[in-house]
Structure formats: structure tokens, C-alpha cells
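Novice: Counting with the numbering used here, you get residues 51 to 519 for the letters of the sequence shown.
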Amino acid sequence: MKNKKRSWLLICVFPLLSAFPLHAGRNYKVGLIVTGGLVVTMDGTRSIYEDGAVAMTGDTIIAVGPREEIEARYTGAQTIDARNKLVLPGFINGHTHVPMTLFRGIHDDVTLNDWLYKYIFPAEAKNVTEEFVRWGTRLAAAEQIRSGVTTFADMYYFEDAVAEETKAAGVRGVLGETFIDFPAPDNKTNAAMLAYTEKFLRKWQGDPLIHAAPAPHSIYTCSQKTLQDAAALARKYHAPILIHVAEMKKELDDSLKQNGMSPVQYLEKIGVLGPDVVAAHCIFVDAADRKTLAQRQVGCVHNPSSNMMIASGVAPVPEMRAAGIAVGLGTDGPAGSNNDLDLMEEIDLAAKLAKITRMDPLAINAKAVVEMATIDGAKALHMDKEIGSLEKGKKADLILISLDEPNAVPMYDVYAQLAYALKASDVETVIIGGRVVMRDQKLLTVNEQEAIAKAREYKKKIAASLGMK
Ligand SMILES: [Zn+2]
Numbered sequence: 051m052k053n054k055k056r057s058w059l060l061i062c063v064f065p066l067l068s069a070f071p072l073h074a075g076r077n078y079k080v081g082l083i084v085t086g087g088l089v090v091t092m093d094g095t096r097s098i099y100e101d102g103a104v105a106m107t108g109d110t111i112i113a114v115g116p117r118e119e120i121e122a123r124y125t126g127a128q129t130i131d132a133r134n135k136l137v138l139p140g141f142i143n144g145h146t147h148v149p150m151t152l153f154r155g156i157h158d159d160v161t162l163n164d165w166l167y168k169y170i171f172p173a174e175a176k177n178v179t180e181e182f183v184r185w186g187t188r189l190a191a192a193e194q195i196r197s198g199v200t201t202f203a204d205m206y207y208f209e210d211a212v213a214e215e216t217k218a219a220g221v222r223g224v225l226g227e228t229f230i231d232f233p234a235p236d237n238k239t240n241a242a243m244l245a246y247t248e249k250f251l252r253k254w255q256g257d258p259l260i261h262a263a264p265a266p267h268s269i270y271t272c273s274q275k276t277l278q279d280a281a282a283l284a285r286k287y288h289a290p291i292l293i294h295v296a297e298m299k300k301e302l303d304d305s306l307k308q309n310g311m312s313p314v315q316y317l318e319k320i321g322v323l324g325p326d327v328v329a330a331h332c333i334f335v336d337a338a339d340r341k342t343l344a345q346r347q348v349g350c351v352h353n354p355s356s357n358m359m360i361a362s363g364v365a366p367v368p369e370m371r372a373a374g375i376a377v378g379l380g381t382d383g384p385a386g387s388n389n390d391l392d393l394m395e396e397i398d399l400a401a402k403l404a405k406i407t408r409m410d411p412l413a414i415n416a417k418a419v420v421e422m423a424t425i426d427g428a429k430a431l432h433m434d435k436e437i438g439s440l441e442k443g444k445k446a447d448l449i450l451i452s453l454d455e456p457n458a459v460p461m462y463d464v465y466a467q468l469a470y471a472l473k474a475s476d477v478e479t480v481i482i483g484g485r486v487v488m489r490d491q492k493l494l495t496v497n498e499q500e501a502i503a504k505a506r507e508y509k510k511k512i513a514a515s516l517g518m519k
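1) Mind listing which residues have their beta carbon within less than 6 Å of any non-hydrogen atom of ligand 1? Chain order is fine.
2) Kindly confirm or deny that the region 305-319 and the region 327-338 touch, where touching means at least three C-beta pairs closer than 8 Å.
3) Might you give, ordered along the chain, the residues of its own chain that have their beta carbon closer than 6 Å to the beta carbon of Gly-512, omitting 5 neighbours on each side?
4) In its own chain, which residues sit with a C-beta less than 7 Å from the C-beta of Ala-74, not counting the 5 before and 5 after it?
5) For the region 131-210, list the alpha helix (DSSP H) runs that are entirely contained and at least 4 residues long, ordered along the chain.
6) So, using beta-carbon positions, are Leu-21 and Leu-379 closer together than 8 Å?
7) Thinking C-alpha only, which one of Tyr-207, Ala-289, Phe-171 is nearest Gly-186?
8) Within this structure, are the beta carbons of Ala-263 and Ala-245 separated by less than 8 Å?
9) What residues are listed by DSSP as bridge partners for Met-518?
10) From Val-148 to Leu-162, what does the alpha carbon distance come to, in whole angstroms?
11) Which value, in whole angstroms, describes the spacing of the CA atoms of Lys-79 and Thr-85?
12) Leaving aside the five residues before and after Asp-454 along the sequence, list all residues of the same chain whose C-beta is less than 7 Å from its C-beta, in chain order.
13) Where do the N-terminal and C-terminal ends of the beta strand (DSSP E) with Pro-266 fall, by residue?
14) Do you know offhand how far Tyr-508's Cα is from Lys-307's?
15) Is DSSP giving Ala-329 helix, strand or coil here?
16) Tell me Ala-105's beta-bridge partners as DSSP assigns them.
17) Quick one: any contact between the region 193-200 and the region 477-485, if contact means 3 or more CB pairs under 8 Å?
18) So for Leu-594, helix, strand or coil by DSSP?
19) Taking the alpha carbon of Ala-211 as the point to measure from, which residue in Thr-179, Gln-467, Ala-242, Asp-231 has its own alpha carbon closest?
20) Would you say the beta carbon of Met-461 is closer than 7 Å to some non-hydrogen atom of ligand 2?
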């Protein structure tokens with residue numbers, strides 16, 4: 051019976067295949083070919099092509115492989131020469147707050163609790179408007195593109211404006227509108243937050259670049275009802291849920307006191323955890339918490355710079371990975387807890403932080419941290435069918451990194467080079483959804499000079515509002 055079915059299938063499929071002889075030696079026209087580079091795919095077998103090429107049409111990758119094969123099969127309307135360059139999937143910044151670029155350096159070297167309640171919440175109340183958010187997002191888009199970030203996950207206010215600016219810059223975003231139990235700069239009540247976010251989710255349904263999401267800030271700033279309302283809204287629209295989880299010791303201690311359980315177990319108990327949740331930090335997660343996170347298929351995002359700068363603690367990344375949790379990387383910040391959006395720095399620090407914490411140079415290796423910045427980051431955002439590796443059918447999000455710099459030679463191991471030697475300033479060309487957004491370090495979708503000038507203007511305004519010089 052089984053064989054019979056199979057032969058029917060062959061009979062049905064065979065005429066289809068012969069009607070479209072994609073592999074029959076003909077040459078097909080595609081939109082763009084990046085050719086001649088060292089292509090690090092991050093696919094399932096971690097294929098690397100020494101002299102490789104990537105062909106794409108529209109926003110999708112059509113083929114990846116050895117240059118000769120790709121050039122024999124495809125001709126690009128546009129070709130980018132990648133000789134002496136590394137070609138790899140764009141980096142994924144799994145957690146940040148991009149409009150806060152305008153608060154960069156406003157007050158550092160304090161505790162997270164003090165920074166939030168004494169400085170940043172008041173500064174936000176006085177300064178954050180839709181216009182502020184737009185300029186902060188433009189500045190961040192320039193900074194992120196320059197460091198090879200092609201997708202980022204954001205949590206802020208006026209997130210619809212973040213989405214519009216992100217789309218204009220041609221960057222892919224998972225953009226979370228914040229739910230928080232005090233009057234926020236955009237929405238003053240929980241009802242207003244729900245209404246704004248529902249409209250936001252509806253507006254961006256089906257957009258190829260923008261994934262709108264509710265972002266309940268954390269268990270320490272949101273009531274059970276706020277958390278559940280945000281999760282229910284996300285689930286109604288099949289949107290992800292972005293949240294900070296177990297990010298400081300105080301949060302853990304308070305949860306143990308108030309809820310009789312850890313932050314992860316509390317979120318599990320109230321029905322928030324699921325395969326749509328992206329949990330930033332996850333520093334205070336014990337073995338039972340890790341088991342729960344893995345079972346619920348929660349994606350976690352590790353932010354080494356932020357954890358070190360605020361001295362919050364060190365996420366047990368090796369144990370999380372061993373438990374089967376998808377762990378991505380994020381910059382957090384960019385104010386007060388970093389203060390930049392350079393994901394390549396996080397790749398380097400994720401490895402070194404794990405090594406020094408355990409006094410073990412084998413704690414996490416270079417390949418693992420490059421995975422966290424690409425394919426595992428995509429898994430953490432629940433987007434690995436779409437992004438995170440260079441594979442046929444995935445979105446054409448790729449970056450070219452120069453291998454002609456003094457810090458790029460000699461090269462024995464490409465993952466080690468990426469993790470420990472190459473820098474964001476070596477990123478030359480960035481393609482997102484088949485669109486070239488930076489070519490030879492020239493930004494094509496953001497007016498960088500204007501964004502920089504505006505940031506300087508905002509600094510004066512913000513400083514004055516806080517009585518600073
Ligand atoms: Zn954060």
C-alpha cells in the first residue's frame with residue numbers, strides 16, 4: 051500500500067519537475083549575486099564555501115554554494131564581488147531599546163534599580179515623544195547596520211514610530227510596545243496600552259520586515275493582569291511576547307517573597323510562558339527554571355555587556371544551551387547598560403565572560419558564540435525558518451566583512467576570527483531582504499549626518515530637562 055502511494059507520487063511529481071528544469075544547466079536571471087567570498091552559511095551542517103556565492107531574488111535567497119556552480123546557473127542583474135571578504139548571515143541583536151541611543155551616557159556607574167528609578171524613568175517622562183523615538187531609531191539604525199545587525203528585537207514606547215523608521219531604514223525588526231504599570235510616555239493607562247498595541251499589531255500584520263509585538267516590561271513593573279493581558283493580545287495576533295526575565299537579584303528575591311517562587315516559575319504559573327516568548331537576560335534561572343524554559347520553548351537572550359556593566363550577574367549560558375534552550379545575543383542598552391549597539395562586541399564578550407566566570411577557557415567556544423549571534427539568535431526570536439543562516443528559501447539577510455585589515459590576518463579558524471579578532475568596523479556591506487542598505491561602508495537608507503546632528507541637539511534638551519550641564 052505504501053509503495054503504491056509512492057509511485058503515484060512519482061507519477062504526479064515527475065511532469066512538474068520536467069516542466070521546470072531548474073538544474074538542467076540553463077542560466078537563470080536573479081536579482082543579486084554576491085560572489086567569490088568565504089561564505090559561512092551557519093546552515094544545519096555549518097557548511098562553509100571557501101570560494102562561494104549567494105544568489106538572491108526579491109527578498110529571498112535562491113541558492114548558496116561554490117562560486118563556479120552558482121555562476122553557471124545564475125546571472126545577477128547586480129553582482130557584488132566578495133573576494134577577500136567573509137560572507138555570513140546578518141547578526142541578530144535579540145534585545146535592545148533603540149530610541150535610548152539619545153540617552154547614551156546620561157548617567158552611568160550606578161545600580162540598575164537606581165538607574166531605572168532615579169534617572170531613566172524621570173528622563174523618559176520628561177523627554178520621550180514620538181519625535182524623540184523617531185530620531186533615536188534613525189541613529190540606532192545607522193549604528194546597527196554599521197555593525198552588521200540585520201534583525202533586532204526592541205522594547206520601547208511609541209513602537210509604531212520605531213516600526214516606521216525601521217522599515218524606512220530597511221532593517222528587520224521584532225518590535226515590542228511596552229506594557230508597564232505606571233503612566234508611560236505614550237500610554238497613560240493599561241487600557242490605552244492595550245488599545246495602542248492592538249492597533250499596532252493589526253497595522254503590521256504580514257509585513258515582510260516588521261514583526262510587531264507586545265512587550266510587558268517585567269514581573270517587577272507589571273501586575274499579573276498586565277502580564278496576562280499582554281500575552282493574550284499577542285496570542286490573538288500570533289505575535290511574539292518580549293519580556294525581561296530574572297534580570298536582577300532583587301527581582302528573584304522579591305518574587306520568592308511575594309510569589310513563593312522564582313520569576314520563571316511565576317510566569318509559568320500565570321500562563322505567560324510559551325513558544326512565542328522571548329526572554330531577555332535569564333540570569334537567575336536554576337536547573338528547574340531551565341527545564342521549564344526548554345519545555346515551553348522560550349527563547350532567551352544573553353546580554354553580556356549589560357550584565358557586566360550593571361553587575362547584575364552572569365547568565366548560565368552553557369547550562370541553558372545544554373538544556374536545549376535557544377540562546378541568542380543582545381546588546382541591551384544602548385544607554386546605561388552598554389552603551390552601544392555593537393553586536394560583534396557581544397560575541398567576543400559572551401565567550402570571554404563565560405570563560406572567566408568559570409575559570410575555564412573551554413566554557414564556551416568561538417563557534418558557539420557565532421551561533422548565538424546568528425542561527426541561535428533566530429531560534430531565540432522564533433524566526434529560524436526565516437533568518438539566521440544562508441540557505442535557499444530564507445530571507446536574503448547577509449553581511450560582507452573585510453578580510454584585508456591588519457586585524458584580519460592571518461586566519462586559521464573563521465569562527466575564532468569572528469569572535470576574537472574582527473570588529474564591527476570591518477563590516478563593509480549589508481544586505482537585508484535582498485536590499486543593499488550599506489555598500490562599502492556607505493549607508494544607503496539612513497541619513498547618518500542628520501541623525502548625528504539631531505542627537506547632539508537632543509543632548510542639550512535632555513540635559514536641561516534634568517538640570518544637568
Ligand atoms: Zn532591556
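Even glycine gets a Cβ: it sits at the ideal position worked out from N, Cα and C. All values reported here derive from a predicted model rather than from experimental measurement.
Specialist: Taking the geometry as given:
1) Per the Cβ criterion, the list is His-145, His-147, His-294, Ala-330, Asp-382.
2) Segments in contact, yes.
3) Within the sequence shown, residue 512 is the residue found at index 462, counting from 1. Residue 512 is actually Ile in this sequence, not Gly. Closer than 6 Å at the Cβ level, and outside the excluded window around Ile-512, lie Asn-177.
4) As a position in the sequence shown, residue 74 is number 24, starting the count at 1. Low local confidence applies: a pLDDT of 47 at Ala-74 is under 50, so the model's placement there is unreliable, with the coordinate-based value given in what follows. The answer is none, since no qualifying residue turns up.
5) Complete alpha helix (DSSP H) runs here, min 4: 171-177, 180-196.
6) A query on residue 21 cannot be resolved here, the shown segment of the chain reaching from 51 to 519 and no further.
7) Numbered from its first residue, the sequence shown carries residue 186 at position 136. Nearest C-alpha to Gly-186: Tyr-207.
8) In the sequence shown, the residue the question calls residue 263 occupies position 213. In the sequence shown, the residue the question calls residue 245 occupies position 195. No, these two residues do not count as a Cβ contact at 8 Å.
9) Your numbering for residue 518 matches position 468 in the sequence shown. Paired residue(s): none; Met-518 is not in a bridge.
10) The count along the sequence shown starts at 1 and reaches residue 148 at position 98. The count along the sequence shown starts at 1 and reaches residue 162 at position 112. If you draw a straight line from the Cα of Val-148 to the Cα of Leu-162, it is about 18 Å long.
11) Translated into the one-based positions of the sequence shown, residue 79 becomes position 29. Translated into the one-based positions of the sequence shown, residue 85 becomes position 35. Straight across, the Cα-Cα distance linking Lys-79 with Thr-85 is about 15 Å.
12) As a first step, residue 454 is located in the sequence shown; it is residue number 404 there, counting from the start. The beta carbon of Asp-454 lies closer than 7 Å to those of Asn-134 in the same chain, with the five residues before and after it left out.
13) Position 216 of the sequence shown, counted from the first residue, corresponds to residue 266. For Pro-266, the enclosing beta strand (DSSP E) starts and ends at 260-266.
14) Residue numbering aside, residue 508 sits at position 458 when the sequence shown is read from its first letter. Residue numbering aside, residue 307 sits at position 257 when the sequence shown is read from its first letter. When rounded, the distance between both Cα atoms is 41 Å.
15) On the sequence shown, position 279 is the one that residue 329 refers to. In the three-state DSSP reduction, Ala-329 falls in the strand class (E or B).
16) Translated into positions along the sequence shown, residue 105 becomes position 55. Paired residue(s): Ile-83, Ala-113.
17) Yes, the region 193-200 touches the region 477-485.
18) Residue 594 lies beyond the residue range present for the chain, which begins at 51 and ends at 519; the question has no answer from this structure.
19) Here residue 211 refers to the residue found at position 161 of the sequence shown. Comparing Cα-Cα distances from Ala-211 to each of Thr-179, Gln-467, Ala-242, Asp-231, the minimum goes to Thr-179.
20) No copy of ligand 2 appears in this structure; the ligands present are ligand 1.
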